[in-house]
Amino acid sequence: MESPALSSVIDSLNQFNDPRDPKKIIHPLPTILFISICAIFCGANSWEDIVMWAEVHKKWLSKYVDVSNGTPSYSTIRRIFMIIKPACWGALTQKVLSSHHSNKKAEVHISIDGKTLRGSKCAAKDIRAMQIVSAWSTENNIILGEVKTDSKSNEVTAIPLLLALLDLEDATISIDAIACNETIVKAILDKGANYLLGLKKNQPTLYAAVEDYVQAEGANPDNLTCDYFDDTHGRLVRRRYFVFDTPEHIKALGFSEMNTVIATETISSSPYKEGISAEWRYYITNNDKTNTQLPRFIRDHWQIESTHWLLDVHLNDDKDKKYSKNAAENFAKTKRFWLYMDS
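Written as structure tokens, this is what we have:
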């Protein structure tokens with residue numbers, strides 16, 4: 008994290024409201040939060056890790072924040088993460104991210120997906136794993152908003168809440184098959200946006216109709232909009248994208264303004280496995296068939312999946328066992344703040 012970014016973080020932290028009794032404060036709130044952000048940036052994954060990092064880097068920290076009373080204890084840091092409202096902490100980090108990406112482009116494609124924090128589950132205390140549903144700008148590599156939910160099934164109800172927070176005018180919103188329902192389609196359209204939804208067998212009637220239609224049409228060159236090869240990940244992959252005007256019998260199945268059906272064929276081979284595999288996937292959208300960016304939107308949707316992989320591999324997101332919901336959510340938001348500042 009470079010000095011201009013540090014200055015932006017500190018300026019925002021100085022404006023953050025401290026909920027503690029002023030007479031009992033030993034360590035200023037900006038000091039505690041700045042230490043936590045920097046320690047997590049450097050790989051800290053527990054309250055004790057943060058304390059150890061702060062002790063080692065106390066001289067450096069003194070250039071930016073007040074450490075005249077020493078560095079805070081792990082119990083002080085934990086207590087701060089428990090009493091801060093996640094909505095307030097999320098708003099602050101979002102403000103810093105927006106200023107950090109001040110030259111951002113107009114939002115053309117926004118992908119939405121949820122990630123479960125598996126370590127936040129505690130069966131003994133009947134605490135279900137927390138999930139954070141995020142909206143990601145593929146043009147700007149920045150998170151646009153997040154909503155917390157308590158289980159995977161609630162991702163469907165969390166998505167409309169997330170959509171309501173965002174300016175989506177004219178953007179295309181891509182979501183995987185869990186969001187393939189009329190309620191979410193309507194929520195997207197009501198925001199003046201376009202939808203691009205994965206289609207799987209959780210919508211059995213629509214899936215069967217689309218699959219039968221695509222198979223009947225065949226791999227017609229007139230509908231082939233993109234055909235390219237990729238050999239960058241130890242295997243040879245060919246991806247073909249076929250785009251069809253939605254026929255009337257499929258439109259009649261009830262999805263608003265479903266103008267286009269997209270079928271993707273992925274053919275892959277690997278030197279480490281015998282044979283060739285082929286897989287078809289289907290998508291529905293209200294975009295016109297002539298929109299040449301649709302294949303890119305489908306491919307770029309996986310950017311948000313990649314951020315989830317980074318959170319797990321580099322920041323041990325799934326192994327983070329914090330059960331206090333405020334503490335778990337605030338710690339998770341801080342990890343994401345680190346990731347998006349570094350993007």
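With my numbering applied, the sequence shown corresponds to residues 8 to 350, in that order.
Don't be surprised by glycine CBs; every beta carbon is placed ideally from N, CA and C.
For clarity, every value in this text was computed on a predicted model and none was experimentally measured.
{"Asked": "Just to confirm the assignment, what range does the alpha helix (DSSP H) spanning Cys49 have?", "Found": "Taken as a continuous stretch (DSSP letters only), Cys49 belongs to no alpha helix (DSSP H), as it is neither H nor E."}
{"Asked": "Please identify the residue among Ala46, Ala335 and Gln210 whose C-alpha is closest to the C-alpha of Arg125.", "Found": "Ala335"}
{"Asked": "Go through its chain and collect everything with a Cβ distance to Thr253's Cβ below 8 Å, but skip five positions before and after it.", "Found": "Met265, Asn266, Thr267, Val268 and Ile291"}
{"Asked": "State yes or no: is the C-beta of Gly205 within less than 7 Å of the C-beta of Asp183?", "Found": "yes"}
{"Asked": "I'd like the ranges of any alpha helix (DSSP H) spanning at least 4 consecutive residues and lying wholly in the region 83-142.", "Found": "93-107"}
{"Asked": "Hey, is the region 50-62 in contact with the region 77-85, meaning 3+ C-beta pairs nearer than 8 Å?", "Found": "yes"}
{"Asked": "Using 10 angstroms around the beta-carbon of Trp316, count the other beta-carbons present and answer buried if the total reaches 16, otherwise exposed.", "Found": "exposed"}
{"Asked": "To the nearest angstrom, report how far apart Ile44 and Ala61 are at their CA atoms.", "Found": "11 Å"}
{"Asked": "Just the C-alpha distance for Arg246 and Gln300, rounded to the nearest angstrom, thanks.", "Found": "15 Å"}
{"Asked": "Considering Cα atoms alone, identify which of Thr190, Thr212, Asn230 and Leu243 is closest to His256.", "Found": "Thr212"}
{"Asked": "So, under 8 Å CB-CB, Leu99 and Ser19 are touching, yes? Tell me the CB distance rounded to an integer number of Å.", "Found": "6 Å"}
{"Asked": "Can the beta-carbon of Asp25 be found less than 7 Å from the beta-carbon of Leu40?", "Found": "no"}
{"Asked": "Measure the Cβ-Cβ separation of Ala215 and Phe249 and say whether it is below 7 Å.", "Found": "no"}
{"Asked": "Tell me which residues share the same chain as Met89 and place their Cβ nearer than 7 Å to its Cβ, disregarding the 5 neighbours each side in the sequence.", "Found": "Ser331, Asn333 and Ala334"}
{"Asked": "Within 10 Å of its beta-carbon, does Glu162 have 16 or more other beta-carbons around it, so buried, or fewer, so exposed?", "Found": "buried"}
{"Asked": "Could you spell out where the alpha helix (DSSP H) holding Phe23 opens and where it closes?", "Found": "Looking at the DSSP string, Phe23 is not in any alpha helix (DSSP H), and its letter there is neither H nor E."}
{"Asked": "Should Tyr289 be labelled buried (16 or more other beta-carbon atoms within 10 Å of its own) or exposed?", "Found": "buried"}
{"Asked": "How many Å lie between Ile33 and Lys102 at the Cα?", "Found": "27 Å"}
{"Asked": "Just to confirm, are Asn230 and Asn294 a CB contact at a threshold of 7 Å?", "Found": "no"}
{"Asked": "Report the start-end ranges of each beta strand (DSSP E) in the region 266-342 that is 3 residues or longer and not cut off at the edges.", "Found": "267-276 and 283-292"}
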